[in-house]
Amino acid sequence: MSALSQSIENLKANARQWDAFNAEGHCVVIAPPGSGKTKLLTTRLAYDLANKIPRPHGAACITLTNAAADELRGRADQLGVEDRPNLFIGTVHSFALRKIIEPFASVVKRPELAHISIASDRQCAQAYDEATQGVLGRHDDPKYVRSTIEFNRQRLASDEEWARSGEMIKQVALRYERKLRAEGLLDFLGVVTMAVELVEQHKVIRRVLTAQYPHLYVDEYQDLAPGLDRLVRALCFDYVLNSELFAVGDPDQALYAFTGTRPELLSELSQRSDVTTVELDHNYRCGQAIIQLANLLRHGKAPMTGNRHGGHVSATRCPGGPDDQYRHVVRSIRDARERGVPLHEIAVLCPLNAQCEAITTALRANKIPAHARSSEYRLTMVTAFTESCAAWATQGRETSNYRLGALLSRWRAILGPHWSREADVALTRLLMDYDTRPSEPASQLLSELLDTGLRSALQQVALADDAVEVNRMASALRSGPLRGLAVRDLAEQALKVDRVEVTTMTSSKGLEFDVVILTGADEGSMPHYLSASDPAKLTEDRRKFYVSVTRARDELRVFYSGFVTTPYGRRISKGPSRFLREVDLA
Numbered sequence: 019m020s021a022l023s024q025s026i027e028n029l030k031a032n033a034r035q036w037d038a039f040n041a042e043g044h045c046v047v048i049a050p051p052g053s054g055k056t057k058l059l060t061t062r063l064a065y066d067l068a069n070k071i072p073r074p075h076g077a078a079c080i081t082l083t084n085a086a087a088d089e090l091r092g093r094a095d096q097l098g099v100e101d102r103p104n105l106f107i108g109t110v111h112s113f114a115l116r117k118i119i120e121p122f123a124s125v126v127k128r129p130e131l132a133h134i135s136i137a138s139d140r141q142c143a144q145a146y147d148e149a150t151q152g153v154l155g156r157h158d159d160p161k162y163v164r165s166t167i168e169f170n171r172q173r174l175a176s177d178e179e180w181a182r183s184g185e186m187i188k189q190v191a192l193r194y195e196r197k198l199r200a201e202g203l204l205d206f207l208g209v210v211t212m213a214v215e216l217v218e219q220h221k222v223i224r225r226v227l228t229a230q231y232p233h234l235y236v237d238e239y240q241d242l243a244p245g246l247d248r249l250v251r252a253l254c255f256d257y258v259l260n261s262e263l264f265a266v267g268d269p270d271q272a273l274y275a276f277t278g279t280r281p282e283l284l285s286e287l288s289q290r291s292d293v294t295t296v297e298l299d300h301n302y303r304c305g306q307a308i309i310q311l312a313n314l315l316r317h318g319k320a321p322m323t324g325n326r327h328g329g330h331v332s333a334t335r336c337p338g339g340p341d342d343q344y345r346h347v348v349r350s351i352r353d354a355r356e357r358g359v360p361l362h363e364i365a366v367l368c369p370l371n372a373q374c375e376a377i378t379t380a381l382r383a384n385k386i387p388a389h390a391r392s393s394e395y396r397l398t399m400v401t402a403f404t405e406s407c408a409a410w411a412t413q414g415r416e417t418s419n420y421r422l423g424a425l426l427s428r429w430r431a432i433l434g435p436h437w438s439r440e441a442d443v444a445l446t447r448l449l450m451d452y453d454t455r456p457s458e459p460a461s462q463l464l465s466e467l468l469d470t471g472l473r474s475a476l477q478q479v480a481l482a483d484d485a486v487e488v489n490r491m492a493s494a495l496r497s498g499p500l501r502g503l504a505v506r507d508l509a510e511q512a513l514k515v516d517r518v519e520v521t522t523m524t525s526s527k528g529l530e531f532d533v534v535i536l537t538g539a540d541e542g543s544m545p546h547y548l549s550a551s552d553p554a555k556l557t558e559d560r561r562k563f564y565v566s567v568t569r570a571r572d573e574l575r576v577f578y579s580g581f582v583t584t585p586y587g588r589r590i591s592k593g594p595s596r597f598l599r600e601v602d603l604a
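Add 18 to a position in the sequence shown, counting from 1, and you land on the number used in the working numbering.
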């Protein structure tokens, strides 16, 4: 039996997954944690390509991050999906650039758009500074100008919404965008805005896109900003020639309000009369005790079910404050390790990055290997590849858990049309050379990778967002907070075994572990004290707690102190988090 046939057979065991798989027309799947939505999405994609979508037509499968796109591609490959010219699996920004802006620039008589580049952080900051100086007076406060502009741009604000922010804000925004375009640049928000403008205003573009991609698949719909919703509606609900939509997501797992996401857009989409909505309810990940706790946070929604017995949930008050919590965390990890739980199956989740850094330091001081990902750059296909190269080169061929063949495969995917056999040889020699010089600066390894072919590859539109993150990575390693980091230290970022993962609650989304330890569960920290008077922020903080709880397969341990200390040293005692009280854990 083929991998695709086996995957289809597995879906039959879940009536709701099977209903979604067989749905005709537009379908939205509301998928709570651990419900198998990625398997469902990729199985449906693979089946449609094999049976419903004849060549030369194709399909577009869109998600938010490069990491998610890599997982979708990997699963599609395992299911036997063959590449074809009109098959796209990638991020919304890559789709907007490669499939809308670049190919249709000449159609709309905007040839300059065919050669557009993505602005770096430095270029964006400089453009904002110049635009602000040209509009604001000496006594005007620029503190919230950029954040207000980006909020409006993320939401694709109407003229009325811009007007509520003030004429000065609108003028700075217009100057900023003009400055970037004068240099042949767009930022990521501009990419989506431009793509929406082209699709909505030009029927011929909609017709060509729906012919190329008669089926549109969207992963994690709740996390994608309004721009994608506008694109979906233009391509799937034009009533002339429509793509068929298959979307999966969960409004209860929307964590990225700061990027302009609006989870209610998924809810609105699911309520359309021309959309079939299927709500999954089976959690394959968590033990029963954890599912019962999660159901208390679903606020009247149908409860999740599961078939994994057991599960352990506890909450412990640590009256001595953060240091006391850290001592309990150390003890819990040692207990789990004595029970045979591998360190890489243990995660510590914290509300803030500063808490992640503090607890990582505490764990290492107690001889417990731990890793907290740097916030200096995002993990993309290329930055992850760079870290993996460092691991293979310096951590030993066996202990690094990376294989040269896999690295070369990723290298070829990154180089694309720039690949040659000589490039494989050059990369292999470079990495083998670092076996004898692990203490070299990591910035040197990145520089040599760029010289070996990576720099040319990053000129591809498909790697535009990777190029931005590689620049951030290079700056951090050369002159920023990671200056002086050795190659063997960079390798630590990529190791996957024998260490505890420490991350923020927000960044834990998409991950799962046998044991999850949640710290800082105090009112004022979880939810944050600034959320108390903002219903939207409070709701998102509750969603963060819900997502964090459902990362655990077998065991969830929560620690709190009953008070928080402000950055100014003031102690505020408001007891444990209201979320703990809601689920009777405190």
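Note that beta-carbon positions come from the ideal geometry of N, C-alpha and C, so glycine has one too. Just so we're clear, the structure is a prediction, and the values are computed from it rather than from any experiment.
Would you give the residue range spanned by the alpha helix (DSSP H) that residue i belongs to?
i, result
"leucine 22", "21 to 30"
"histidine 111", "110 to 113"
"threonine 637", "With the chain running from 19 to 604 in the structure shown, residue 637 is simply not present."
"threonine 61", "55 to 69"
"leucine 192", "185 to 200"
"threonine 446", "439 to 451"
"arginine 496", "482 to 496"
"glutamine 172", "163 to 172"
"leucine 284", "282 to 288"
"glutamine 271", "Unbroken run through glutamine 271: none, as it is neither H nor E."
"aspartate 37", "33 to 40"
"aspartate 158", "Note, aspartate 158: premise wrong, no alpha helix (DSSP H); not H, not E."
Which residue comes first and which comes last in the beta strand (DSSP E) that contains residue i?
i, result
"valine 567", "Careful: valine 567 lies outside any beta strand (DSSP E), inside the alpha helix (DSSP H) at 553 to 567."
Quick one, which of the options has its alpha-carbon nearest residue i's?
i, options, result
"glycine 328", "Arg599, Pro74 and Arg571", "Arg571"
"leucine 426", "Pro435, Gln413, Thr412 and Ala444", "Ala444"
"leucine 204", "Ile119, Val565 and Ala265", "Ile119"
"valine 366", "Asp353, Arg171 and Tyr344", "Tyr344"
"threonine 379", "Pro369, Cys407, Val348 and Thr401", "Val348"
"glutamine 141", "Val126, Ala275 and Glu195", "Glu195"
"glycine 76", "Pro129, Ala41, Pro232 and Glu168", "Pro232"
"leucine 397", "Lys319, Ala87 and Val533", "Ala87"
"valine 163", "Ile187, Leu174 and Ala149", "Ile187"
"valine 530", "Lys562, Glu42, Val567 and Arg496", "Residue identity differs from the one stated: residue 530 is glutamate in this sequence, not valine. Ranking the options by Cα distance to glutamate 530, first place goes to Val567."
"glutamate 262", "Val250, Ser138 and Asp158", "Val250"
"phenylalanine 403", "Arg91, Leu508 and Gly278", "Leu508"
"aspartate 540", "Val533, Arg517 and Ala604", "Ala604"
"lysine 555", "Val217, Phe276 and Ile26", "Phe276"
Could you check what DSSP says for residue i in three-state terms: helix, strand or coil?
i, result
"phenylalanine 264", "strand"
"glutamate 573", "strand"
"phenylalanine 122", "helix"
"histidine 614", "Here the chain has residues from 19 to 604 only, and residue 614 is not among them."
"phenylalanine 531", "strand"
"histidine 346", "helix"
"glycine 98", "coil"
"threonine 277", "helix"
"tyrosine 231", "coil"
"histidine 436", "helix"
"tyrosine 8", "Only positions 19 to 604 of the chain appear in this structure, which leaves residue 8 out of reach."
"glycine 245", "helix"
"aspartate 256", "coil"
"lysine 127", "coil"
"serine 465", "helix"
"alanine 604", "coil"
Under the DSSP definition of a beta bridge, which residues are partnered with residue i?
i, result
"aspartate 540", "Pro594"
"valine 47", "Val266 and Val296"
"valine 80", "According to the sequence displayed, residue 80 carries isoleucine and not valine. According to DSSP, which records beta bridges pairwise, isoleucine 80 is partnered with Gly108 and Val236."
"tyrosine 578", "Arg335"
"arginine 589", "Thr583"
"proline 459", "Ala504"
"leucine 90", "Paired residue(s): none; leucine 90 is not in a bridge."
"leucine 476", "Looking at the DSSP assignment, leucine 476 forms no beta bridge with any residue, so it has no partner."
"leucine 203", "Ser135"
"histidine 546", "Gly542 and Ser543"
At 3 residues or longer, and completely inside the segment 296 to 341: list those beta strand (DSSP E) runs for me, N to C.
330 to 335
Which ranges does the beta strand (DSSP E) cover as unbroken runs of at least 3 residues, wholly within the segment 360 to 414, from first to last along the chain?
364 to 368 and 388 to 390
3 or more residues per run - each beta strand (DSSP E) lying fully within the segment 502 to 529
518 to 522
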